[in-house]
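These protein sequence lines are chains L and V, in that order.
Under my numbering, think of the first position of the first sequence as 1, with each following residue one higher.
Under my numbering, think of the first position of the second sequence as 97, with each following residue one higher.
In this text, a Cβ means the ideal position worked out from N, Cα and C, and glycines have one as well.
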Amino acid sequence: MARLDCPGVAKLARLARLDLTSAELAVLTPQLDAVVEYESRLGELDLEAVEPLAHPLDAYNHLRDDAARPSLPLSQALVNAPQQRDGLFAVPPALE
Amino acid sequence: MQTALQQGQARASDWLATSLSVIAQRDPLLHAFLHLADESARTAAQQWDDAARYASGPLAGVPVAIKDNLATHDMPTTCASRILEGYRSPFDATAVERLRRAGAVIVGKTNMDEFGMGSSTENSAFGPTRNPHDPDRVPGGSSGGSAAAVAAGMVPVALGSDTGGSVRQPAALCGIVGLKPSYGRVSRYGLIAYGSSLDTVGIFGRTVADVARVLGVIAGHDPRDGTSVDAPSEDYEADLDQPVVGLRIGVPREYFAEGLDPEVATLVREALAAYERQGATLVDVSLPHTPHALAVYYLVATAEASSNLARFDGVHYGQRARAGNLGELYERSRGAGFGPEVKRRIMLGTHALSSGYRDAYYQTALKARRRIQQDYLNAFAVCDVLAGPTSPTTAFRLGERLDDPLAMYLADIYTIGANLAGLPAISVPCGRSREGLPVGIQLQAPLLAEARLLRIAQIAERASLKN
């Protein structure tokens with residue numbers, strides 16, 4: 001299995017949308033590498049014909065009637081918004 | 097023997113006053129609570145006292161503490177994370193709502209490992225909780241605040257959550273009872289998600305009977321949780337006194353292998369011998385995939401976490417960092433808001449799901465998870481419950497495992513299987529080490545067999561009290 005190095009961990013941080021300092025990267029890299037190496041022990045198992053189990057119950061979709069119901073009022077839905085404008089969540093521009 | 101709930105005080109306000117005075121005395125050192133709701137609790141208690149003549153509930157006037165990842169409309173819900181500092185949920189979690197309806201008085205919100213990620217409660221952004229039996233040691237985690245609050249006598253019962261052992265392990269390390277119900281038995285509505293296919297709402301108490309009563313209140317179908325099981329609720333408390341005849345206890349040989357503290361092994365074996373004296377038969381069983389369960393768990397839990405925690409982005413709620421554009425806003429808010437363990441797990445999950453590795457890691461883990469479930473089904477063909485240690489060690493010292501995440505993860509070795517397979521499991525005290533630290537025995541039962549699990553747990557509890 002591939003080992004994790006600093007550039008690899010920096011790439012993971014970008015994918016996970018985490019701003020990490022170089023000091024954090026230096027600490028995290030060997031720690032993550034050790035866990036990933038530990039995880040690789042699953043490679044020892046013969047799992048050829050095994051069906052994956054994503055969920056402990058026999059999961060199926062519960063559908064309710066497609067009828068309108070009251071939901072959270074706008075004022076409450078926005079109560080924790082760091083910034084809001086005209087009843088919407090406000091953010092800085094996505095594109096420069 | 098009277099339980100804490102049975103010997104509770106006649107008036108809700110007196111019960112609350114006792115609870116608040118123990119908190120005032122012990123919490124400055126132990127730090128079990130992140131938020132105390134003294135005012136709203138006093139109002140709630142007064143309301144129950146005023147209504148006492150014509151209203152009653154199974155938990156009337158009982159002071160209860162709630163882990164800070166369960167939503168409460170009248171107090172903060174932070175998951176012990178900077179990123180949710182100041183967050184107030186507009187609604188109650190279903191479990192909290194049902195407690196209130198049954199008469200419980202919510203005293204406050206308890207400390208935890210940030211987002212439930214940890215086994216010591218040291219990963220709280222607001223400082224660790226200490227073990228009431230020895231303040232230099234951890235209470236376990238991630239629900240360490242709730243466990244310490246019950247063990248220190250601050251509240252008779254508390255709610256936690258259990259994704260990989262986060263109720264059972266701190267219960268063992270603090271010397272109390274901790275129940276993880278079957279997946280889907282208690283609604284997850286309002287439980288802030290960590291690993292959605294593993295998360296359960298769990299219960300701490302000083303006795304099995306108290307835990308059974310709380311389970312009766314919070315269990316049951318909830319249309320607001322799509323994975324909530326639509327099975328008839330049982331009277332778990334009344335069922336406790338049903339006789340247990342021809343009990344077969346499976347003892348997985350993998351649970352007594354390398355890494356188990358010999359003192360813990362001795363006390364658990366003594367508890368098993370006590371079962372035998374009561375007429376139970378011990379059956380040697382094998383859960384052959386146990387050595388691989390931890391790897392499966394850390395792949396599944398982190399993959400689900402990396403997806404669940406994407407919602408904390410500084411846009412809709414929580415802490416927002418200053419940024420010139422939206423991408424920076426996400427990265428800086430998350431970089432500043434999450435602690436080190438949460439970052440580690442998000443990155444591990446991102447790795448497990450990333451292009452080129454998904455088959456080798458995540459898919460492989462799901463296949464191995466099927467094998468783990470099959471191991472349990474095979475074992476339950478020859479026994480009624482499985483018994484073994486809850487945690488491989490007693491409470492460790494603060495700081496001892498902080499630099500070695502893998503060593504910390506090993507604290508969950510015996511508890512993660514029940515989450516992967518969705519089974520109900522409980523930790524019951526079974527003695528103290530020579531240093532006076534509590535040890536717990538874990539019992540695991542088939543899916544939805546809580547009533548049986550609690551009955552069998554009570555036998556262990558009674559045996560342990562006799563010693």
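Test: residue i CB closer than 8 Å to a CB of chain L
{"i": "V/N219", "result": "no"}
{"i": "V/I442", "result": "yes"}
{"i": "V/P186", "result": "yes"}
{"i": "V/M97", "result": "Note that V/M97 scores a pLDDT of 46, beneath 50, so its modelled location is shaky and nothing firm can be said."}
{"i": "V/P501", "result": "yes"}
{"i": "V/V325", "result": "yes"}
{"i": "V/K439", "result": "yes"}
{"i": "V/Y183", "result": "yes"}
{"i": "V/Y285", "result": "no"}
{"i": "V/L116", "result": "no"}
{"i": "V/G157", "result": "no"}
{"i": "V/V392", "result": "yes"}
{"i": "V/Q469", "result": "yes"}
{"i": "V/G280", "result": "yes"}
{"i": "V/A475", "result": "no"}
Within chain V, partners of residue i - CB distance below 8 Å
{"i": "L/L88", "result": "Neighbours of L/L88 on chain V: none; closest Cβ ~11 Å, over 8 Å."}
{"i": "L/R69", "result": "Result: empty, since nearest Cβ-Cβ is about 11 Å, beyond 8 Å."}
{"i": "L/R64", "result": "P319"}
{"i": "L/P52", "result": "Q459, L462, K463, R465 and R466"}
{"i": "L/P7", "result": "Result: empty, since nearest Cβ-Cβ is about 14 Å, beyond 8 Å."}
Nearest candidate by alpha-carbon position, reference residue i, set the options
{"i": "V/V340", "options": "V/Q554, V/L166, V/V313 and V/Q142", "result": "V/Q554"}
{"i": "V/V203", "options": "V/E546, V/T486 and V/H131", "result": "V/H131"}
{"i": "V/P159", "options": "V/R284, V/P328, V/S136 and V/E531", "result": "V/S136"}
{"i": "V/D335", "options": "V/T168, V/L543, V/G312 and V/F129", "result": "V/G312"}
{"i": "V/Y393", "options": "V/A517, V/C270, V/A247 and V/A156", "result": "V/A517"}
{"i": "V/L561", "options": "V/L519, V/G536, V/Q540 and V/V282", "result": "V/G536"}
{"i": "L/G43", "options": "V/F211, V/R530 and V/H385", "result": "V/H385"}
{"i": "V/F434", "options": "V/S109, V/I162 and V/E181", "result": "V/E181"}
{"i": "V/S292", "options": "V/N404, V/L155 and V/A353", "result": "V/N404"}
{"i": "V/G532", "options": "V/R551, V/P231, V/S402 and V/G431", "result": "V/P231"}
{"i": "L/D19", "options": "V/L425, V/G527, V/G322 and V/A353", "result": "V/L425"}
For residue i, three-class secondary structure by DSSP
{"i": "V/A267", "result": "helix"}
{"i": "V/N227", "result": "strand"}
{"i": "V/P358", "result": "helix"}
{"i": "V/F222", "result": "coil"}
{"i": "V/A483", "result": "strand"}
{"i": "L/G87", "result": "coil"}
{"i": "V/F129", "result": "strand"}
{"i": "V/A315", "result": "strand"}
{"i": "L/L6", "result": "Going by the sequence as given, residue 6 of chain L is Cys instead of Leu. Correct three-state label for L/C6: helix."}
{"i": "L/L72", "result": "coil"}
{"i": "V/T206", "result": "strand"}
{"i": "V/P277", "result": "coil"}
Separation of residue j from residue i, as counted between CA atoms
{"i": "L/L12", "j": "V/H447", "result": "7 Å"}
{"i": "V/C175", "j": "V/L395", "result": "22 Å"}
{"i": "V/I299", "j": "V/V263", "result": "7 Å"}
{"i": "V/A391", "j": "L/E39", "result": "5 Å"}
{"i": "V/G342", "j": "V/D188", "result": "43 Å"}
{"i": "V/R194", "j": "V/A254", "result": "14 Å"}
{"i": "V/V251", "j": "V/M208", "result": "17 Å"}
{"i": "V/M97", "j": "V/P525", "result": "With a pLDDT of only 46 at V/M97, under the threshold of 50, the placement of this residue in the model should not be trusted; the figure read from the coordinates follows. When rounded, the distance between both Cα atoms is 16 Å."}
{"i": "V/P387", "j": "V/A514", "result": "14 Å"}
{"i": "V/T511", "j": "V/G495", "result": "22 Å"}
{"i": "V/D508", "j": "V/T398", "result": "15 Å"}
{"i": "L/R41", "j": "V/D471", "result": "19 Å"}
Chain V within 8 Å of residue i, Cβ atoms only
{"i": "L/L25", "result": "no"}
{"i": "L/A19", "result": "The sequence shown places Asp at residue 19 of chain L, not Ala. True, the Cβ-Cβ gap to chain V drops below 8 Å."}
{"i": "L/A10", "result": "no"}
{"i": "L/R82", "result": "Per the sequence presented here, residue 82 of chain L reads as Pro, with Arg not at that position. Output row for L/P82: interface = yes."}
7 Å Cβ cut-off: residues of chain L touching residue i
{"i": "V/H388", "result": "R41, L42 and L45"}
{"i": "V/T446", "result": "L12, L15 and A16"}
{"i": "V/S402", "result": "A16"}
Under 7 Å from the C-beta of residue i: neighbouring residues of chain V
{"i": "L/L74", "result": "Within chain V, no residue comes near L/L74; the closest Cβ sits about 11 Å away, beyond 7 Å."}
{"i": "L/P92", "result": "A419, G420, N421, L422 and L425"}
Contacts of residue i in chain V (Cβ-Cβ under 9 Å)
{"i": "L/P30", "result": "Within 9 Å Cβ-Cβ: nothing; L/P30 doesn't reach chain V, min ~10 Å."}
heavy atom of the ligand GDP below 7 Å from residue i C-beta
{"i": "V/S278", "result": "This structure does not include the ligand GDP; it has no bound ligands of any sort."}
Interface partners of residue i on chain L, CB under 8 Å
{"i": "V/L395", "result": "E39 and L42"}
{"i": "V/P154", "result": "Those do not exist, as V/P154 stays about 27 Å from chain L at its closest Cβ, beyond 8 Å."}
{"i": "V/G410", "result": "P82"}
{"i": "V/S560", "result": "Under the 8 Å cutoff, chain L gives no residues; its nearest Cβ is about 30 Å from V/S560."}
{"i": "V/V297", "result": "Chain L residues near V/V297: none, gap ~15 Å exceeds 8 Å."}
{"i": "V/K416", "result": "It is worth fixing the name first, because residue 416 of chain V is Arg in this sequence and not Lys. The contacting residues are P82 and Q83."}
Chain L residues whose Cβ lies nearer than 9 Å to that of residue i
{"i": "V/R430", "result": "A16, R17, L18 and D19"}
{"i": "V/Y510", "result": "None at all; the shortest Cβ gap to chain L is about 17 Å."}
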